[in-house]
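Below is one structure, written out as C-alpha cells, with a few remarks after it.
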Amino acid sequence: MARTKHPVARKRARSPKRSDASPSTPRTPTSTRTRPQANGQQGSSTQRQRKKHRFRPGTIALREIRQYQKTWRPLIPAASFIRCVRMITQEFSREVNRWTAEALVAIQEAAEDFLVHLFEDGMLCAIHAKRVTLMKKDFELARRLGGKGRPW
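Everything in the sequence shown is counted per the working numbering, starting at 612 for the first residue and increasing by one.
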C-alpha cells in the first residue's frame, strides 16, 4: 500500500469567554462561517475566515538563533543571576556577602560563555551520534572530552 499524506485535522475556533454582566447586549455568533442552507445552496465564500499564516517547523527557531547571535547583551536576566550568585556565596562563606557590579558582570559573562561552549560541544556529540536531540549523555561526554571536571 502506498504511503500518502493525511489531511491536517482542523481545530474549531473558540469564541472568547464573556461575562454575563451586561444582558442588554444581544448575543451574536462569533464565527463568520455560514452553514449550508437546507435547499443545498452554499453561502458566499467571502464570509469565510482566512487561515492564519504558519511558518514551517524550524523557521522561527532559526530566526531566533540568528537574533541571539547578533545581540551582545547577556541572555540570563541580571536580577535572577545576581540572586543565584548571592545564594551560592552564602552557602560557601558567610563573610563574603558584597559584590561589586563589575565582578557580577564578569561572573555572568564567564558563566554564559561556559554554557554556550558546553551546548556547542554537546550538539557536536549529538550530531556525531546521528541524533538531533540533545541528551544528558551528550553534555557528559562533552565535559569529559573538554577536560572540564567530572560529569554531573
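All C-beta atoms in this analysis are idealised placements derived from N, C-alpha and C, irrespective of residue type, glycine included. Model, not experiment: these values are computed from the prediction.
Buried or exposed for residue i, please, with buried defined as at least 16 other CB atoms from any protein chain shown within 10 angstroms of its CB.
i, result
"L673", "exposed"
"A717", "exposed"
"D724", "exposed"
"Q719", "buried"
"G758", "exposed"
"A712", "exposed"
Could you check which residue in the options has the C-alpha nearest to that of residue i?
i, options, result
"L729", "L715, E751, A717", "E751"
"K662", "K622, A721, T615", "K622"
"C695", "W710, T682, R684, W683", "W710"
"I693", "A722, A620, L726, R755", "A722"
Could you check where the alpha helix (DSSP H) with residue i kicks off and where it finishes?
i, result
"K748", "747-757"
"Q660", "Unbroken run through Q660: none, as it is neither H nor E."
"F703", "689-703"
"F730", "712-739"
"T615", "First-last for T615: undefined, no H or E at that position."
"K681", "670-681"
Excluding five sequence neighbours on each side, which residues of the same chain lie with their C-beta closer than 8 Å to the C-beta of residue i?
i, result
"V743", "A737"
"V707", "T700"
Below 7 Å CB to CB, which residues in the same chain sit around residue i once its five sequence neighbours on both sides are set aside?
i, result
"T670", "none"
"F666", "none"
"A714", "none"
"P762", "Here the model assigns P762 a pLDDT of 49, short of 50, so the residue's position is not dependable and the matter cannot be decided."
"I687", "Q719, E723"
"G733", "L745, D749, F750, A753"
Helix, strand or coil, according to DSSP, for residue i in the structure here?
i, result
"E706", "coil"
"P762", "With a pLDDT of only 49 at P762, under the threshold of 50, the placement of this residue in the model should not be trusted; the figure read from the coordinates follows. Coil at P762, not helix or strand."
Leaving aside the five residues before and after residue i along the sequence, list all residues of the same chain whose C-beta is less than 6 Å from its C-beta, in chain order.
i, result
"M746", "none"
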